[in-house]
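Below is one structure, written out as structure tokens, with a few remarks after it.
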Amino acid sequence: MPARKTIHVKAIWDDEAEVWVASSDDVPGLITEAGASDRLIEKLRILIPELLEANGMLEESAEFEIPFHLLSERRETIQYRAA
1 MPARKTIHVK AIWDDEAEVW VASSDDVPGL ITEAGASDRL IEKLRILIPE
51 LLEANGMLEE SAEFEIPFHL LSERRETIQY RAA
């Protein structure tokens, strides 16, 4: 199997919707959301190859691995009051 460039996906936690929202500049049209990171990874495993194929970015009749790197970001606030 030929080696492929690693796909970089960024996921940001949306506090209001309470979901991870993922997108990637490496995969045109990729934007998805899920309430848990495990579920997000499941969705990415399906969507990445589908979108790469739809965008003509995969060789036909080829078998290979598509590596991806998921970077997640979540901002939190801690309320503190001195004793």
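In full-length UniProt numbering, the protein residues as written are 1 to 83.
Ideal Cβ placement from N, Cα and C applies to all residues, glycine included.
Using the three-state DSSP reduction, which class does residue i fall into: helix, strand or coil?
i, result
"Ile7", "strand"
"Ser23", "strand"
"Glu42", "helix"
"Ile66", "coil"
"Ile12", "strand"
Nearest to residue i by CA position, among the options, is which residue?
i, options, result
"Glu42", "Trp20, Gly56, Asp15", "Trp20"
"Val9", "Ile66, Arg81, Ser24, Arg75", "Ser24"
"Asp38", "Asp15, Glu50, Ala11", "Ala11"
In the DSSP assignment, find the unbroken beta strand (DSSP E) run with residue i in it and report its ends.
i, result
"Ile31", "31 to 34"
With 16 other CB atoms within 10 Å as the buried threshold, where does residue i fall?
i, result
"Ser72", "exposed"
"Thr77", "exposed"
What's the gap between the Cα of residue i and the Cα of residue j?
i, j, result
"Arg4", "Glu63", "11 Å"
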